[in-house]
Structure formats: C-alpha cells, structure tokens
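Colleague: Sharing a structure, written as structure tokens. Questions coming.
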Amino acid sequence: MTRKSQTPSRRLPLALLPTADGIRQCETRLAFSASLAAAATADLLQDGLGSHDVSDVPLPMDSSGTLSPASDHSLLDQAADLRDTYGLTGDGQTIAVIDSGIAWDHEAFTSPGQGVGIGPGYRVVGGWDFAEDDADPYDDGPAGYHGTHVAGLLAGQSSELSGMAPEADLVALRVFDDSGAGSLEWIESALRWVHDSQNDFEHPITTVNLSIGAALNDANRDYAIGILEDELQLLHDDGILVFAAAGNYYANDEITPGTTDLLYPASSPNVIAVTSIDDGGQISDFAQRESGILAAPGEGQGSAVPDHVFGWDGTVDDYAALSGTSMATPQVAAATVLIREAMIASGLEPTADDVLQRLRDHASEHQDAETGLTYYSIDLQSALDGLQPSGGSNQADDGGEGETAVSASQVTTDHQSQQFTLDLRDGMALNVRNHDGSEQAYLLTDQDGQIFLDAAGGSDRLEILGSVGSERLRLSADPNSDVESRLIAGGVEIVLRGFEDVQFEGGGGSDRATLYDSSGDDLLESRSGDAVLSGVGFRFDVRDVVRTYVHATAGGNDAAYLYDSDGDDTLVVQPGFTSLRGTDSSGASLFQSAYGFESVSAYATAGGHDTAELYDSVGDDVLSISPTRSMVSSGGYQVSARYFENVTAESASGGTDIAKIYSNESESQWHVAAGLTQWTSVDGATRIARGFDRVDAFENFQPVSLPLGFTPQAAPVPLDVSDQDDERFEDATRRVFEQLGF
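Okay, structure coming up:
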C-alpha cells in the first residue's frame, strides 16, 4: 500500500537508445538511478533504475541508536561540534533535493510549533512531483526511501538523528515514480523548477543535492548532456551550488570493472562531484573517483526512511543504514550551507564560488591507494578559521553566555512611550527620544555577539534605517509565540523586544522581512517593495524591501491584499499560501508572500503583463473565472485575483473540483481537450482550467456547453433550460457576475 492513490500517472518514458557494440548491460538504455548499485542485477538495470544503494536493502539501525560510524572523518560529528561552538544550523537557506521525494511526515522533519507537513512554516517548505505531476512530492513505496534518507542526512533532526544542517529548509523534487522508474525529462524539469523558483521561499535556494546519475557511453552521452546541461549551466550562473553522487560501480565486474568514470551529471563541469570514503578515510571500494574529487563518509550512514520500508505501523519514525556515494553527497552539500552561514554571520556576502573555494582550500588532501589519484576530505573547523560567526556556548565571556546585552531599559529610566531610531547607514547608531522630549544617543560598537534592544514598557516605536547592504528582519506580534523578533545586519544579530510599532526602511541591497501576526484579526497590505501588517495594538511597516514573507498562523480571521509591480508579475495561489513575484521598472526582482490568511485578494493594476496560477486543495474546490476576476474557495479560505491578463487553474490534489468560466463576449474563442478548457478573449487574454471534474462555461450570462474538440469557429450550444424559469435563471446568473466584479 502506498500513500498516494494508485491512479495512473502521466509518465515520460526513459529514452530508448540504439544498441551498439560496447554498450554494456547497465547501458541498454540510459538508466538514471538514485544509486546505480554495485550489487545491482542485470534485470534491475534493464528495468531502467537501480533503486537500491550498495547495501541492497535498507538495514534497520541497531539498538544503540548509532546512526553513522564513529570516525575522525565524520562530517556529521564535525557539524554537531559547530552547532555547539558557533550555533551554525543552516538557518536562512533552502536545499533542493532532486530524488525519489521526501516523506515529509517523518519525525525527523518536525518543525517546532508546527509539527510535520509540507509548505511554508514546515521543514519541507514545498516542491513538486514530476512523476505524478502534483504538488505532493512524497517518497512513496514500494521503491521509495532514497530521497528521505538523503534529506535526513542534509537536515534531519530528532532524538535518533542529527543531520548536517538541521534548521535549513528543504524542497522536495520527485523524479522517480512509485516503482522507482525515472526519466531525463523529469530531471530536466526539476532543474528548471529550481531556476524559476529559487527565490520563492522565505529563504533562497542556495544548494541542490543530486544523489542520482547515469553511466554514459559514446551512444548516449550527447543525448543526456543535450537535455540536462543547459539547466545545469543555468543553476551555475544563478550561483546555486549543485552536488552530485560520483557513482557506485567501480568494483562491479558485471558492469565496468575498474572504471573510474563518474556518473552523469557528476561528470558535468557545472556540478561538484562527491565520492565516498570508509572509516579509515580511504575511498570506498565501490566508489567512482577522479583526481581532485571531494569525499565524505558514505558507508553505513544512518538516516530517516518512510514508514513503508520496514512494514507500515502508522508511525513515521523509522531509520536505516545505507552505503554509497549517494550518502556522502548530502554531507558535502550541507557543509557548504554551514560555511555560507558562517561567512554571512561574519559580515561577508559570499558568492557560490567564495563558499566552494573556502571548502576546497581547507580540505585535507589524500592519495587513493588503488589508483594514486588525489582526493579531498572536508575539514569544517579549518574552513571556519579566520571567521567569527556569533553564537554558541564556547565563546569568550562578554556579558552572559557569549552574548552582548544592550537593553533600552538600561540606557534610560523612562518606561513610558519612547521613540527609538536605529541607524545602520554608517555603523550602528541608536537614538532614544523620551516622552518628555529628551534624547539619548548611543553608538553600538561591541559586535561580537547578540545585541538586545528591550523597550521596557509603554507604547514604543522603533524606526530602523537600513544600509545599502543586505538586512534580514523578523517581527512577531504574538507575545506567546516561540518566534522572537530580530534583525540581522552586518553579521550582527539584534534581538528586538517590547516594540509595538516598527518601521523599517530597507535602504537598498537584497533585504528580506518576515512578519508574524497576532492572535486577533489582522490585516496585510503588501505592495511592490512595501508591506504593512497591522492589528490591535501593533503595526509593522517595511519599505523598500525586495522580499517579504508574512505568516498569519497565530489565530483570528486575517485578510491580505497584495498588489503587483509595474513590471511583469506572476501570482501563485496554493491552499493557505499565496505569492506574487515580479520586477519593477528598474528590473529589480520583487517577491511577496502571504501564508495562512483566511482571505487573500491580489490585484494586477500597476502595469506589465501579469499571470496568475491557481492550484486546488485536497478537498472540494470551486473556481470562478471572469474576464476581470478569478476566485478560488475551499474550506475556510478564499483567494481572488483581479485584472491578471492570463489565468491558469490546476486541479490535481484531490476532491471534487468545479471550475466556472464566465465570458462577457458573445463570440468567445474556446478550446476544449481531455482535461483542459481554455477561453481566449479578443485581446489575447487567456483563462485555462486543467484537470477539473466539471467545467461550466457562460457567455453573456447564459450557460453554454463545450463539446470535446470545440474550436473558435464553432458556435456555442445553449444548454437545455426548458425546465427552468429563464428569467429567474438569468437574474441569478447576473448576481453571480456582480459578485465577480462586473
């Protein structure tokens, strides 16, 4: 039994390649594998996928709970030490896992205060299933588990598992179906998805893990490279680090005895290849190798697996040991996440090349006893030499557990209403104006740890003047929330307490603001670069900020209004989550998001050519589309999109979904195919509904039927309403149009 329904899915076949002399058994066709096993049988390879790693099946962990071999070379141990010393956890970055999916309901992916799930606020913040073409990239049985295991090594966290970067966000991109079959096309789509969506989350995608690959030869090399290399080049140009498993068939005489050739895409110049080492630090006997390759422990690595692996028991808390370069790759990928975090915390703005160069410069050089080739194992502590990331319990005592505490209640005795101004434009200056008009000015120079600004009482206002650099602001209106308000600027973390009114002026740079609501009824107004979240007793106002993320999860009946930029914008609506991405007239990228709001209204009135993409929920949904307004409602939420030129609605998540398309033109252009209905206006605007159980069409307040194959030249066919009162029917339909904004 698998988690998803077993309805047939749209699957692109693997490319069948011509048979030629020299094409070995594993290359009968181009087999993209999550692990191309050293012990894989010919039959398995001919099926197109080696779905198990060098350990033919996952092995349950022993009673000791040890999840990886104890070794001086253990990257997991190094990462744990860095958490204790510097507080490095991967927070602030997102890792994309292109694999068999992630069992996002596993306990190792529990989000504090949220539990398990997928979407904003959870550990797995989103993704896509390219095998089944839906928004639930779950690691299904019978063949699934590989992606969950990889994700656990990257960022899992539980009493049984501590991954490399346990506070990094994850994106799951599923490119294998339930039986373990995959395709080049799905992988290509996943890579393109990363490029298109890299900034669509609270934290940007900085890293991609590809513990998959194919063995290439002269017959299939051009074909595979021709499909994937342009997307890999895109991600390289985007500054996203892509890591891929080198392969596990070095010692397999049935495949290619002794060959060192890397799998593709590990062999791509746009990808960083990773091989496996054993407890002694030597390259594993099964692992592919090349001169200068990065290496990490890959034998007997323990991590999370879905519930189906050892038999369903209803509790998703299983762990297993696997071996392979697939297990080494996520450890190296996550190591760069930690290095990037440390560099940012030290006041740097590192590029992908900066991060990778630091990783390589501080790696330990070794020589492969088998081939004499040079390889490098990762030394995280050495990579942090010269950096001064804040946090941790082992730093020098500078005022309490390694933190610098500067309290507003200590710098002034006035506990009534105060006006604070924090100026970051030239250093870090604080001005405090008291209710009697008196002022104090301070220069905050001790930047070794956290700084606390604590408004001791009264109704206090904080104005933050940002620098031309990049600042990250997080504000919470709920005093009972675990989320603490803070500002990160120039590598310094400033904790903000007791401020009811906060205004932030970005000042330039790639600034980001994350706002959390109160337990009452709150209102969000978000425009191009500006956002205001307000409710009883608080107001958060951010301006000139290119990326805003607003969460309405504390309670109340919350409403959001999102407005487009003067460039081309794209609205994406999913249950409980709405984002609006675009560019302004100067070409700057802008992003707004609203999560958990009961009501969301989006407007495209500022200019440009704007597109809306609407997705259904797992329940019953109703979509209404008119020339000026599109609306989707389900359960306790409602989203409307006004004045977007093109609207596409997708029904793929479940439930019984109905789409209603309204046209105010007497001779509309309609196109109907299996699972698709499209209306095109005379000015070229389109309205598309895909996958809905029923689509109702209306022209000038009258329903029309649209038979399969209907073309723009055909005449609409009025529905038979002889048993209805025509006048009452038309009156009711007109009221619907009025509600839709006509």
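Numbering (my numbering), first residue to last: 547 to 1288.
Heads up, the beta-carbon is just placed ideally off N, CA and C, and yes, glycines get one too.
Apart from the five residues on each side of it in sequence, which residues of its chain come closer than 7 angstroms, Cβ to Cβ, to G785?
Modeller: Excluding sequence neighbours, G785 sits near T897, A898.
Colleague: Could you pull the start and end residues of the beta strand (DSSP E) that D645 belongs to?
Modeller: Run containing D645: 640 to 645, per the beta strand (DSSP E) assignment.
Colleague: For the stretch 889 to 909 and the stretch 733 to 740, state whether three or more C-beta atom pairs, one from each stretch, are separated by less than 8 angstroms.
Modeller: Counting Cβ pairs under 8 angstroms, fewer than three are found: no touch.
Colleague: If you drop the 5 nearest sequence neighbours on each side, which residues of the same chain put their C-beta closer than 6 angstroms to that of K1206?
Modeller: Only S1170, D1242 meet the Cβ criterion.
Colleague: Measuring alpha carbon to alpha carbon, tell me which residue in A812, E1245, G633 is nearest N755.
Modeller: Closest by alpha carbon: A812.
Colleague: Using 8 angstroms as the Cβ pair cut-off and three pairs as the minimum, do the stretch 664 to 681 and the stretch 624 to 631 touch?
Modeller: No, because fewer than three Cβ pairs between the stretch 664 to 681 and the stretch 624 to 631 fall closer than 8 angstroms, the two stretches do not touch.
Colleague: How is T587 classed by DSSP in three states: helix, strand or coil?
Modeller: Summary for T587: the model assigns pLDDT 23, below 50, so the residue's position carries little reliability, and this model does not support an answer.
Colleague: When the Cα atoms are used, what is the spatial distance from V1118 to V643?
Modeller: Near 22 angstroms, if we compare the C-alpha coordinates of V643 and V1118.
Colleague: For S837, does the count of other Cβ atoms within 10 angstroms reach 16, so buried, or fall short, so exposed?
Modeller: S837 should be labelled exposed.
Colleague: Could you tell me if A1083 is buried or exposed, where buried requires 16 or more neighbouring beta carbons within 10 angstroms of its beta carbon?
Modeller: Before going on, a small fix: residue 1083 reads as Gly here, not Ala. Exposed, since its Cβ has fewer than 16 Cβ neighbours within 10 Å.
Colleague: Helix, strand or coil for R904 per DSSP?
Modeller: In the structure shown, R904 sits in a helix (DSSP, three-state: H, G or I).
Colleague: Return the chain-ordered list of same chain residues with a C-beta closer than 6 angstroms to the C-beta of T967, the five sequence neighbours on each side being excluded.
Modeller: Only N977, E1009 meet the Cβ criterion.
Colleague: Examine the Cβ distances between the stretch 693 to 702 and the stretch 823 to 837 and report whether three or more of them are shorter than 8 angstroms.
Modeller: The stretch 693 to 702, when compared against the stretch 823 to 837, does not touch it at the 8 angstroms Cβ threshold.
Colleague: Give me the Cβ distance between H1097 and D1047, rounded to the nearest whole Å; I'm assuming they're in contact under 8 angstroms.
Modeller: With 8 angstroms as the limit, H1097 and D1047 do not qualify as a contact, their Cβ atoms being about 19 angstroms apart.
Colleague: Quick check: the Cα distance between S928 and T917, rounded to an integer number of angstroms?
Modeller: C-alpha separation (whole angstroms): 27 angstroms.
Colleague: Taking all protein chains shown into account, do 16 or more other C-beta atoms lie within 10 angstroms of the C-beta of Q703, making it buried, or fewer, making it exposed?
Modeller: Counting Cβ neighbours within 10 Å, Q703 comes out buried, since at least 16 surround it.
Colleague: Who are the near neighbours of I500 in its chain, counting only those whose CB is closer than 6 angstroms to its CB and skipping five residues on each side?
Modeller: Any question about residue 500 goes unanswered here, given that the chain covers just 547 to 1288.
Colleague: Using a Cβ-Cβ cutoff of less than 6 angstroms, which residues in the same chain neighbour L1254 once the five nearest sequence positions on both sides are dropped?
Modeller: Residue placement at L1254 cannot be trusted, given a pLDDT of 44 that sits under 50; the coordinates are not used to answer.
Colleague: Compare the beta carbon distance of N509 and E1144 with 8 angstroms and say whether it is the shorter of the two.
Modeller: The requested residue 509 is not part of the displayed model; the chain covers only 547 to 1288.
Colleague: Which residue from S923, D914, L919, Q913 puts its Cα closest to that of R906?
Modeller: Comparing Cα-Cα distances from R906 to each of S923, D914, L919, Q913, the minimum goes to S923.
Colleague: Helix, strand or coil: how does DSSP classify Q927 here?
Modeller: Residue state, collapsed to three classes: helix.
Colleague: Quick check: Q964 and A1001, are their CB atoms within less than 8 angstroms of each other?
Modeller: Yes, these two residues count as a Cβ contact at 8 angstroms.
Colleague: Would you call the stretch 1104 to 1118 and the stretch 1151 to 1159 in contact, with 3 or more CB pairs under 8 angstroms?
Modeller: Short answer: they touch.
Colleague: Applying the criterion that 16 or more other CB atoms from any shown protein chain within 10 Å of the CB defines a buried residue, is E706 buried or exposed?
Modeller: By the neighbour-count rule (16 or more Cβ atoms within 10 Å), E706 is buried.
Colleague: Spatial neighbours of G1037 within its chain, please: CB distance less than 6 angstroms, with the 5 preceding and 5 following residues excluded, ordered by chain position.
Modeller: Closer than 6 angstroms at Cβ, skipping near neighbours: A891, S892, G893.
Colleague: If we ignore side chains and look at the alpha-carbon of each, how far apart do D1245 and S1179 end up?
Modeller: Residue 1245 is actually Glu in this sequence, not Asp. Distance between the alpha carbons of E1245 and S1179 is about 22 angstroms.
Colleague: Considering only the alpha carbon of each residue, which of F1123, Y1095, S1065 lies closest to D1076?
Modeller: Among F1123, Y1095, S1065, the Cα nearest to that of D1076 is on Y1095.
Colleague: Can you say whether D1006 is buried or exposed, counting buried as having 16 or more other CB atoms within 10 angstroms of its CB?
Modeller: Buried, by the Cβ-count rule.
Colleague: Identify, in the order they occur along the chain, each residue of the same chain with its Cβ nearer than 8 angstroms to the Cβ of R1280, setting aside the five sequence neighbours on each side.
Modeller: Here the model assigns R1280 a pLDDT of 47, short of 50, so the residue's position is not dependable and the matter cannot be decided.
Colleague: Under three-state DSSP, which class holds R835?
Modeller: The answer is coil: DSSP assigns R835 none of H, G, I, E or B.
Colleague: Give me, in chain order, the residues of the same chain whose beta-carbon lies closer than 8 angstroms to that of P658; leave out the 5 immediate sequence neighbours on both sides.
Modeller: So the qualifying residues of the chain are D1028.
Colleague: Tell me which residue opens and which closes the alpha helix (DSSP H) that H1155 is part of.
Modeller: Here H1155 belongs to no alpha helix (DSSP H), and DSSP marks it neither H nor E.
Colleague: Considering Y632, what are the terminal residues of the beta strand (DSSP E) in which it resides?
Modeller: No beta strand (DSSP E) contains Y632, which is instead part of the alpha helix (DSSP H) from 621 to 632.
Colleague: So P1249 is in the beta strand (DSSP E); what residue range does that whole segment cover?
Modeller: Looking at the DSSP string, the run of the beta strand (DSSP E) that includes P1249 is 1248 to 1251.
Colleague: Let me check one thing: in DSSP terms, what residues is R971 bridge-paired to?
Modeller: Its beta-bridge partners do not exist; DSSP assigns none.
Colleague: Starting from L1069, follow the alpha helix (DSSP H) in both directions and report where the run begins and ends.
Modeller: It is not in any alpha helix (DSSP H) - L1069 instead sits in the beta strand (DSSP E) that spans 1069 to 1073.
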